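See below for the structure under consideration.
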Amino acid sequence: MLTAGGTFALAIAAGVHEVYLARLPGADLLNSLGNYLRYSIVWPLAVLVLAFEFGSGPRIVGMDESVDAHVATSHRHWLATMVPPAAVVVALFGIILALKMVAVFAEGARSPLGWHVVASVTLNILAPCVMALLLGFVAATRLKRVAGYAVVAAFAFLAGPYSEIVPIVAQAGFLQGKGGLNLYPLRDLFGVLAPDATWYVDPLYGFPMEQARWLLAGFWITLLMALLLPRLTSPRVRWVRFASPGLLCAAGLLLVAFLLPSSELRRDYRLFGGSSQVTEQAYYRLQSEAPAQLQEPARFATSSYEMSLSADRELRATTTVRIANDSSGGEYRFTLYHGYRVLRVHDSQGRPLDYSREGDYVTVRSAEKQERLTFEYRGSGGIYMANSQCVFLPGYFPYYPVPGFVRVWDDLYSAPAMDVVDAGAVKYTVRFKAHVPLVSNLELHEGRFEGKNAAPTFIGGLVTEREIAGHRVAYYPASGSNPEGLSDLITRVSELEREFDIDERVLPDAVPILQAPEFHMLGGATRLPGALLVSGFDESLAGEVLVAAMPRRPDRSNLKEAFVRFFSDSTGAAEASLASLNSSETARPAEPVPSSREIARLENARRSARTEWELVQKYVYPARGVVSRLLLAKVLADGQDEALRDTYRYLSSDSQLSEIEFLTRPSHGGKQ
Amino acid sequence: MIQVRDLKKAYGRVRALKGVSFSLQPGVTGLLGPNGAGKTTLLRCMLGIIRPTSGDVRLPDGSRGQHREVGYLPQRFGLLRELTVHEALAYFAALKEMPPDDVEAAIDEALREVNLLDRKSTQVGALSGGMIRRVGVAATLLGCPTVLVFDEPTAGLDPEERVRFKRLVASLSPARAVLISTHIVEDIVALASRVMVLDGGEVRASGTLEEVANLARGKCYFAPPGRVNEYSADYFIDGYAEVDGQSFAKVLSPRPYEGFTPRTPSVEDGYLCVTRGMV
Chain V
1 MLTAGGTFAL AIAAGVHEVY LARLPGADLL NSLGNYLRYS IVWPLAVLVL AFEFGSGPRI
61 VGMDESVDAH VATSHRHWLA TMVPPAAVVV ALFGIILALK MVAVFAEGAR SPLGWHVVAS
121 VTLNILAPCV MALLLGFVAA TRLKRVAGYA VVAAFAFLAG PYSEIVPIVA QAGFLQGKGG
181 LNLYPLRDLF GVLAPDATWY VDPLYGFPME QARWLLAGFW ITLLMALLLP RLTSPRVRWV
241 RFASPGLLCA AGLLLVAFLL PSSELRRDYR LFGGSSQVTE QAYYRLQSEA PAQLQEPARF
301 ATSSYEMSLS ADRELRATTT VRIANDSSGG EYRFTLYHGY RVLRVHDSQG RPLDYSREGD
361 YVTVRSAEKQ ERLTFEYRGS GGIYMANSQC VFLPGYFPYY PVPGFVRVWD DLYSAPAMDV
421 VDAGAVKYTV RFKAHVPLVS NLELHEGRFE GKNAAPTFIG GLVTEREIAG HRVAYYPASG
481 SNPEGLSDLI TRVSELEREF DIDERVLPDA VPILQAPEFH MLGGATRLPG ALLVSGFDES
541 LAGEVLVAAM PRRPDRSNLK EAFVRFFSDS TGAAEASLAS LNSSETARPA EPVPSSREIA
601 RLENARRSAR TEWELVQKYV YPARGVVSRL LLAKVLADGQ DEALRDTYRY LSSDSQLSEI
661 EFLTRPSHGG KQ
Chain E
1 MIQVRDLKKA YGRVRALKGV SFSLQPGVTG LLGPNGAGKT TLLRCMLGII RPTSGDVRLP
61 DGSRGQHREV GYLPQRFGLL RELTVHEALA YFAALKEMPP DDVEAAIDEA LREVNLLDRK
121 STQVGALSGG MIRRVGVAAT LLGCPTVLVF DEPTAGLDPE ERVRFKRLVA SLSPARAVLI
181 STHIVEDIVA LASRVMVLDG GEVRASGTLE EVANLARGKC YFAPPGRVNE YSADYFIDGY
241 AEVDGQSFAK VLSPRPYEGF TPRTPSVEDG YLCVTRGMV
C-alpha cells in the first residue's frame with residue numbers, strides 16, 4: 001500500500017509540476033512535459049517491487065503449494081495476485097497521461113503533439129511498467145526473496161542510466177585510436193527506458209520513441225509473457241500449449257529485428273558508430289585513422305538528381321546523378337557522409353562501377369564517360385539524422401553524393417562544416433518515404449519533392465508549415481516556437497537592408513524559412529541557396545539574418561556576435577548597457593573602452609597565431625569581452641545606427657583591418 | 001481410489017522416482033521414508049503439481065490435481081495473515097470451483113470437523129501454527145473429498161498439537177482414502193492401517209502394519225548395552241529399553257550374537273530393516 005501510494009503521489013506531484021512548468025510564460029511545452037522523463041526508472045521500479053511482493057506473498061507464507069495443487073484453477077490465484085499491481089500500472093499510466101494531456105490541451109497544442117505524448121507515455125512509461133510487472137511475477141514464481149530483490153537491483157542498474165558507465169569506460173581506448181571494448185550492444189538489450197533523458201528534448205525529434213525501442217519493449221514483454229503464461233492460464237485451454245512456444249518465437253523475431261544493424265538513437269554517445277556530436281568529434285579529431293578533410297572541386301558538373309530516400313531505422317537511398325561537362329577523365333569524385341555505407345554504384349545501363357571510399361569521399365572509376373551514375377547507400381548520420389522519428393538533412397550536409405571533395409567537418413569549431421558547393425541550381429526530384437511529415441525547400445508535387453536548388457533540405461518530425469509574409473515557414477509548435485512575430489522581423493530586415501545600403505537582399509522574397517533544431521546549428525541563422533535556416537524567431541533573428549550569409553571567419557567572430565546582440569531586443573541588453581553607461585559614466589565616456597595595453601596584447605596574440613586553432617585559443621576567446629566593449633564605445637561615440645551600419649559594412653567586406661583595428665580607428669562613417 | 005502406475009521422475013541425472021506403483025484404498029495409509037526418499041516428489045507428481053517423467057496417475061474422477069474429490073495438505077502450509085479463516089476457506093472453495101450456494105455450509109462443516117468453528121472470523125495472523133494446520137485440513141475437507149493427502153502433517157507441531165492433529169485425522173470418516181506421508185513412524189502407527197515404505201525413489205515394502213513389522217521378524221534382539229561395542233558391525237542399535245529393571249539396547253541384526261535376547265518386532269523395526277537393506 002505504501003509503495004503504491006507513494007508511487008501515485010509521486011506521479012501526481014510530477015505531473016502537476018510538469019503542468020505548472022508548461023503554464024509558465026514562455027515555457028517550452030515539450031521540455032516541460034519531458035521534465036520527468038529522466039526519472040522514468042522510478043515507475044517501473046515501484047511496479048517491479050509491488051509485483052514481486054504481491055506475487056511472492058502467498059509463497060512466502062507457504063500458500064503456494066496448496067494453491068498449485070489445484071492444477072485446473074491455480075491460474076486464477078496468480079491472476080488475482082497480479083490484479084493489484086496491474087491496476088497500479090493502469091492507474092499510473094492514466095495519471096501521467098492525463099496530466100500531460102491537460103498541459104497539451106491547455107496550451108492548445110493538440111495534434112500532432114497529443115498523439116506524440118500518448119505514444120511517448122506508452123513507450124516510456126507503460127511499456128517499462130508492463131515489463132516490470134511481468135518480470136516481478138516471473139521472479140516471484142521462481143525466486144526466493146533475496147534472489148528476487150537481486151533481480152530488482154539488477155533491473156534498476158541495467159535499465160537505469162548508471163549502467164552506461166560500463167560501456168563508456170570500456171570504449172575509452174577507442175578515443176586514443178586504440179581498440180576499445182564495445183559493450184553497448186549488451187547494454188542496449190536492457191535499454192527499455194528513454195535514453196539520454198537528462199538532455200533537453202529536441203523540438204523536432206520530440207520524446208525518444210525510436211523504432212528499435214518499440215521492438216525491444218515487444219521482445220521483453222513477449223518473452224516474459226511466454227514464461228508467465230502457463231502460470232496464468234488454465235491447463236484446460238488447449239491453445240495455451242502452443243501459446244508459450246509461439247510467444248517465444250515472436251520474442252525471437254522481435255529480438256532479431258531489434259538487433260538489425262543501425263544506430264537510430266538520438267544523441268547516442270557510443271563511439272562505435274553512434275550518433276552525436278561527441279561521436280563525430282571522436283571520428284574526425286580523435287581517431288588517428290580518420291581521413292583528412294579535403295576540398296577539391298569536381299571536374300564535372302551535375303545537371304539533375306533523382307533520389308529515392310526512405311527514413312526508417314536508418315536512411316536508405318538510391319540516388320541517380322546526371323553528369324554534365326565531363327572532364328573527369330573517368331574518375332568521378334563525390335562527397336558522401338561516411339556514415340552511409342555505399343552498397344552499389346552503377347551506370348545508366350545498370351552495370352556496376354568500380355569505386356573506392358575513403359571516409360567521406362567516394363571516387364567512382366569508369367573507362368568511359370558516364371551520363372548518369374546511380375548510388376545505392378544506407379546508414380545513419382552522426383548529427384544530421386533521418387530515422388523513423390525525425391528527419392533533418394540540411395542542404396550543406398552530404399546525405400547525397402555531392403560533386404567534388406568538400407569539407408564535412410570543421411575542425412576549428414569541432415562542428416559540421418556548412419560549406420555549400422553552389423555550382424548553380426540543379427534540378428532535384430526526390431521521393432522521400434518517411435514516417436513523419438516532411439518539409440523541404442523543394443516544392444511538393446504529387447508525392448515528389450521537385451525543384452531547382454543548390455542545397456535541398458528536408459525537415460521532418462514535430463514540424464508544421466505555414467505561410468508568413470510570402471515566405472513558407474517551418475517551425476516547431478510543440479516546443480512553443482511561435483513565428484507570429486516573423487512578419488515584423490521580415491519588415492525590420494527590409495528596413496535594415498535599406499538603412500545599411502545593402503545591394504543584395506539578405507532575405508529574398510519567398511525564400512523558405514526553415515527552423516532547424518538549435519542543437520544542430522552553430523549560429524542563429526544559416527543562409528543556404530534557396531533557404532534560410534533559423535534556430536528561432538526571437539528579435540535577434542534580424543541581426544542573425546544580416547550576418548547569415550557572411551563566411552565564417554574566426555578573426556571576426558567576436559564582432560559578429562557583438563553586432564547580433566544589438567538586435568536581440570528592442571529594449572534589450574545592449575541598449576540597457578548603453579543607458580546604464582550614459583547615466584552613470586557620462587563624465588567618463590571612455591571608461592568602457594579597454595586599455596591600449598590590453599588591445600595591443602590581443603593584437604599581438606592575433607598576429608602571432610600561426611594556425612586558426614591558435615587564433616581561436618590565443619585571440620578569439622580572450623578578446624570576446626574587449627570587442628564587445630569596443631563596439632559599445634563605438635555605438636556611444638557614433639550613434640547606434642551609424643555604428644551598426646559601419647560595422648555591417650566592415651563585416652561584409654574583405655577589409656584587411658582586424659576587428660579591433662576597425663573598432664579603434666577614428667570614425668568617419670564612410671565605406672571600407 | 002487412486003491408481004499410480006510406474007511413476008518416474010528425474011531431475012536431470014537424479015532419479016527421484018524410479019517407477020512407483022500402488023493403489024490407494026479407503027482408510028489411512030502411511031507413506032514412510034527417510035528424508036530424500038522421494039515422498040514429496042511422489043505426492044506432487046500424483047497431484048499434478050509437477051509433471052512426472054513418465055507413468056500414470058488415476059484420481060477418483062480421472063482428473064488431475066487437487067479438486068473436490070482430492071484434498072491436499074502440503075508439508076509447508078500457510079495463509080495470508082490478513083485474511084480471516086472464513087475468507088481463506090472461501091478462497092480455497094473458489095479454487096475448488098464449488099457452487100457459491102454450497103460454500104458457506106461447506107466452510108462451516110469443515111471448520112466443525114477441525115473444531116475451529118468458533119474461529120471462523122479470526123484473522124489468520126492471530127492463529128497458532130497448529131491452528132493454521134487445522135485450517136489447512138479444513139481447506140482439504142471442503143467439498144467432501146474422497147481422498148486426502150497429507151505431507152508431513154505433524155512436522156513443526158508441538159507435542160500437544162501433534163496429539164490433537166492425530167485425533168483429528170483419526171476422526172475423519174473411514175470411507176475416505178487418506179495418505180499420510182511422513183518419516184515419523186510413531187505417527188503412522190497411531191493413524192494408519194497400511195504402510196508403504198519408499199526409499200531411494202522406490203516402494204521397498206508395503207502392507208498392513210503387522211506385515212511391515214513382520215519384515216523384521218528374526219532380526220530383533222535385546223543386547224546388553226555394556227557389550228554392544230564388542231560385537232561386529234552387522235547390526236543396528238534401534239534404541240534402548242528397560243526389561244525387568246535391566247537396561248538393554250534394542251538391536252536389529254541378521255543373526256543373534258552371544259548375549260542377544262529375541263524380542264517382538266515393531267513397525268519401526270520393519271521400516272528400519274527395509275531402509276537398512278536387511279530385508
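Chains V and E, in that order, give the protein sequences. Here the first sequence stands for residues 1 to 672, numbered as in the numbering used here. Here the second sequence stands for residues 1 to 279, numbered as in the numbering used here. In this text, a Cβ means the ideal position worked out from N, Cα and C, and glycines have one as well. Nothing here was measured: the structure is a model prediction, and the numbers come from that model.
Within-8 Å CB hit, residue i to chain V
{"i": "E210(E)", "result": "no"}
{"i": "M131(E)", "result": "no"}
{"i": "G38(E)", "result": "no"}
CB-CB length for residue i against residue j, believed under 8 Å
{"i": "K144(V)", "j": "V121(V)", "result": "34 Å between Cβ atoms; not a contact."}
{"i": "D6(E)", "j": "G55(E)", "result": "5 Å"}
{"i": "R164(E)", "j": "Q123(E)", "result": "Not confirmed; about 21 Å, so no contact."}
{"i": "K9(E)", "j": "T41(E)", "result": "5 Å"}
{"i": "V151(V)", "j": "A170(V)", "result": "Contact doesn't hold; Cβ gap of about 24 Å is too wide."}
{"i": "G480(V)", "j": "L29(V)", "result": "5 Å"}
{"i": "H75(V)", "j": "T222(V)", "result": "19 Å between Cβ atoms; not a contact."}
{"i": "V342(V)", "j": "R365(V)", "result": "Not really, about 13 Å apart at Cβ, beyond 8 Å."}
Per-residue contacts from residue i into chain V (C-beta, under 7 Å)
{"i": "E97(E)", "result": "T73"}
{"i": "P145(E)", "result": "Under the 7 Å cutoff, chain V gives no residues; its nearest Cβ is about 12 Å from P145(E)."}
Any chain E beta carbon closer than 8 Å to residue i
{"i": "E65(V)", "result": "yes"}
{"i": "R266(V)", "result": "For R266(V), the predicted model reports a pLDDT of 49, less than 50, meaning its position is unreliable; a value from the coordinates is still stated below. No, no contact with chain E."}
{"i": "R231(V)", "result": "no"}
{"i": "P245(V)", "result": "no"}
{"i": "P352(V)", "result": "no"}
{"i": "G148(V)", "result": "no"}
{"i": "G460(V)", "result": "no"}
C-beta contact flag for residue i and residue j at 8 Å
{"i": "A386(V)", "j": "A454(V)", "result": "no"}
{"i": "L193(V)", "j": "I41(V)", "result": "yes"}
{"i": "L48(V)", "j": "F190(V)", "result": "no"}
{"i": "V511(V)", "j": "G524(V)", "result": "no"}
{"i": "E539(V)", "j": "S494(V)", "result": "no"}
{"i": "A132(V)", "j": "P208(V)", "result": "no"}
{"i": "D202(V)", "j": "P622(V)", "result": "no"}
{"i": "E113(E)", "j": "L141(E)", "result": "yes"}
{"i": "V420(V)", "j": "L315(V)", "result": "no"}
{"i": "S181(E)", "j": "F22(E)", "result": "no"}
{"i": "D199(E)", "j": "T275(E)", "result": "yes"}
Closer than 8 Å at the beta carbon, the chain E residues around residue i
{"i": "R76(V)", "result": "A94 and L95"}
{"i": "P291(V)", "result": "None at all; the shortest Cβ gap to chain E is about 57 Å."}
{"i": "V61(V)", "result": "G78, L79, L80 and R81"}
8 Å Cβ cut-off: residues of chain V touching residue i
{"i": "I49(E)", "result": "E65, D68, A69 and V71"}
Chain-ordered chain V contacts of residue i [CB-CB under 9 Å]
{"i": "G136(E)", "result": "S66"}
{"i": "Y72(E)", "result": "E65, S66, A69 and H70"}
{"i": "A139(E)", "result": "S66"}
Within chain E, partners of residue i - CB distance below 9 Å
{"i": "P58(V)", "result": "G78, L79 and L80"}
Give a yes or no on contact between the region 387-394 of chain V and the region 348-367 of chain V, applying the rule of three or more CB pairs nearer than 8 Å. With a cut-off of 8 Å on Cβ pairs, the region 387-394 of chain V is not in contact with the region 348-367 of chain V, counting fewer than three such pairs.
For the structure I just gave you, are there three or more beta carbon pairs, one from the region 535-551 of chain V and one from the region 500-515 of chain V, closer than 8 Å? Two segments are said to touch when three or more pairs of C-beta atoms, one from each, lie closer than 8 Å; by this definition the region 535-551 of chain V touches the region 500-515 of chain V.
So does the region 186-195 of chain E actually touch the region 21-36 of chain E, counting three or more Cβ pairs closer than 8 Å? Touching, yes.
Say whether the region 369-386 of chain V touches the region 322-338 of chain V, bearing in mind that this needs 3 or more beta-carbon pairs closer than 8 Å, one atom from each stretch. Output reads yes: the region 322-338 of chain V touches the region 369-386 of chain V.
Does the count of Cβ pairs from the region 106-121 of chain E and the region 89-98 of chain V closer than 8 Å reach three? The answer is no - the region 89-98 of chain V does not touch the region 106-121 of chain E, with fewer than three Cβ pairs under 8 Å.
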